[in-house]
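Chemist:
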Amino acid sequence: MKECIIVIPIYKEVLDNNELISFQQCLKVLKNWDISIITYKELDTSFYTPFLEESKVQYQFTYFDQSFFQNVHGYNQLMVDKQFYKTYNTSYKYLMIYQLDCFIFEDQVQKWCARNYSYIGAPWPHGPDNEPVRYKHVGNGGLSLRKIEDHIRVIDLSSSLPKCFLSFNFAKRLKNWYAYIRLKNKNSRLFKNNYKNEDMFFGKNSTYAYSFFTAPDPKEALLFSIESRPRDCVAINNILPMGTHAWPKFDIHFWAEHIEPLGYNVKKPSKKL
1 MKECIIVIPI YKEVLDNNEL ISFQQCLKVL KNWDISIITY KELDTSFYTP
51 FLEESKVQYQ FTYFDQSFFQ NVHGYNQLMV DKQFYKTYNT SYKYLMIYQL
101 DCFIFEDQVQ KWCARNYSYI GAPWPHGPDN EPVRYKHVGN GGLSLRKIED
151 HIRVIDLSSS LPKCFLSFNF AKRLKNWYAY IRLKNKNSRL FKNNYKNEDM
201 FFGKNSTYAY SFFTAPDPKE ALLFSIESRP RDCVAINNIL PMGTHAWPKF
251 DIHFWAEHIE PLGYNVKKPS KKL
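Here it is as structure tokens:
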């Protein structure tokens, strides 16, 4: 069994400038890993093929129902679909989701796999931007490393009562009940209307409800990936993470300072005066 496969979801026939930067950097830095491009059969993928062939990576197109690629809600449904994980679990121990608004600085995938976490993603900051950055949960699914077996197990168990509810700690038991209710409702109105629920389902609720489903603490996770408030997040460890998610959305000028020296021309809006 191989250690990990890189999974890149695509939804559109042609990438814009910054999405292409994300794609090319992935093929360059993660060239030693198998790559699975996930999409639907009806999409014309001819734009992507020359880049894949030129990079000489080992790649495959993997197809799922078109409904999973129509909007954010459809993608969330795919990420909690057992069949998605079973597509890879006979050949790989981990998969790493790489959305095309990510950027990878260095191949540290093997190092992070060796830490044996169930789920790793950028921690979510909370609180006002003018206050010191604080975190509650890990983490964002756009750039995330997932232990396939543990994700299948969570999906299987989400309809049964976890043993952790037997805890004598009332606060912990109450928190676990809340997490369990959210897990139970992954196909309910709550899940369907919450477009962020896929990574909350795994990063927050599953780590509360199931003791086997593990994630790093926020400070450690910041070394894996950063999303919002990047200047503050980088300052915590004083080092760039392995990668970042949503870099064109969150302080693109900051990220351009690190991306453009690598040979890319980032398309960015003018700075406000």
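Residues 1 to 273 (my numbering) make up the sequence shown, in order. We put the beta carbon where it would ideally sit given N, CA and C, even for glycine.
1) On the DSSP letters alone, give me the boundaries of the alpha helix (DSSP H) that LYS86 sits inside.
2) What separation, rounded to the nearest whole angstrom, lies between the Cα atoms of TYR63 and GLU131?
3) Can you name, in chain order, every residue of its own chain whose Cβ lies under 6 Å from the Cβ of CYS113, other than the five neighbours on each side?
4) If you run the structure through DSSP and keep just helix, strand and coil, what is SER22?
5) Apply the 10 Å Cβ neighbour rule to GLN58 and answer buried if 16 or more other Cβ atoms are within range, or exposed otherwise.
6) Exposed or buried, which one is ILE239 when buried takes at least 16 other CB atoms within 10 Å?
7) Do you know offhand how far PHE61's Cα is from GLN99's?
8) Mind checking MET1: buried by the 16 CB within 10 Å criterion, or exposed?
9) Three-state secondary structure (DSSP) at LEU78?
10) Buried or exposed: HIS126, going by 16 or more other Cβ atoms within 10 Å of its Cβ?
11) Please classify HIS245: is it buried, with 16 or more other beta-carbons within 10 angstroms of its beta-carbon, or exposed?
12) If I measure Cβ to Cβ from LYS31 and keep anything under 8 Å in the same chain, skipping five residues before and after, which residues do I get?
13) Going along the chain, which unbroken runs of the alpha helix (DSSP H) with 4 or more residues stay wholly within the segment 90 to 120?
14) Since LYS267 and ASN89 should fall inside the 8 Å C-beta cutoff, what is the C-beta to C-beta distance between them, to a whole number of angstroms?
15) Whose C-alpha, out of ILE38, CYS102, ASN71 and ASP81, is nearest the C-alpha of SER228?
16) By the three-class DSSP mapping on this structure, what secondary structure does GLN60 have?
17) With distances taken from CA atoms, which of PRO241, VAL138 and ALA256 is nearest PHE201?
18) From ASP44 to GLU13, what distance separates their C-alpha atoms?
19) Using three-state DSSP, classify VAL154 as helix, strand or coil.
20) Any chance you could list the alpha helix (DSSP H) runs of at least 4 consecutive residues sitting entirely within the segment 194 to 245, in chain order?
Modeler: In terms of the structure at hand:
1) On the sequence shown, position 86 is the one that residue 86 refers to. Counting along the chain, the alpha helix (DSSP H) containing LYS86 begins and ends at 82 to 86.
2) Taking the sequence shown and counting its residues from 1, one reaches residue 63 at position 63. Taking the sequence shown and counting its residues from 1, one reaches residue 131 at position 131. The alpha-carbon atoms of TYR63 and GLU131 are separated by roughly 44 Å.
3) Numbered from its first residue, the sequence shown carries residue 113 at position 113. Excluding residues within five positions, the ones whose Cβ falls inside 6 Å are GLU3, CYS4 and TYR94.
4) Position 22 of the sequence shown, counting from 1, holds the residue named residue 22. Three-state DSSP puts SER22 in a helix.
5) Counting from 1 along the sequence shown, the entry for residue 58 is found at position 58. So GLN58 ends up on the exposed side.
6) Within the sequence shown, numbered from 1, the residue matching residue 239 stands at position 239. Exposed, by the Cβ-count rule.
7) On the sequence shown, position 61 is the one that residue 61 refers to. On the sequence shown, position 99 is the one that residue 99 refers to. Cα-Cα distance, rounded: 15 Å.
8) Here the question's residue 1 lines up with position 1 in the sequence shown. Flag for MET1 reads exposed.
9) Here residue 78 refers to the residue found at position 78 of the sequence shown. In this structure, LEU78 counts as helix in the three-state DSSP scheme.
10) As a working mapping, residue 126 is identified with position 126 in the sequence shown. When all chains shown are included, HIS126 counts as exposed.
11) Translated into the one-based positions of the sequence shown, residue 245 becomes position 245. Buried, by the Cβ-count rule.
12) Start at 1 with the first residue of the sequence shown, and residue 31 comes out as number 31. Within the same chain, LYS31 has close Cβ partners SER55, LYS56 and VAL57.
13) List check, alpha helix (DSSP H) in window: 109 to 114.
14) Numbered from 1 along the sequence shown, position 267 holds the residue referred to as residue 267. Numbered from 1 along the sequence shown, position 89 holds the residue referred to as residue 89. Not a contact, Cβ separation roughly 38 Å.
15) Position 228 of the sequence shown, counted from the start, is the residue given in the question as residue 228. Ranking the options by Cα distance to SER228, first place goes to CYS102.
16) Here the question's residue 60 lines up with position 60 in the sequence shown. GLN60: strand per DSSP, three-state reduction.
17) The sequence position of residue 201 within the sequence shown is 201, counting from 1. Considering only alpha carbons, the answer is VAL138.
18) As a position in the sequence shown, residue 44 is number 44, starting the count at 1. As a position in the sequence shown, residue 13 is number 13, starting the count at 1. Near 6 Å, if we compare the C-alpha coordinates of GLU13 and ASP44.
19) Translated into positions along the sequence shown, residue 154 becomes position 154. VAL154: helix per DSSP, three-state reduction.
20) 197 to 200, 218 to 221 and 230 to 237
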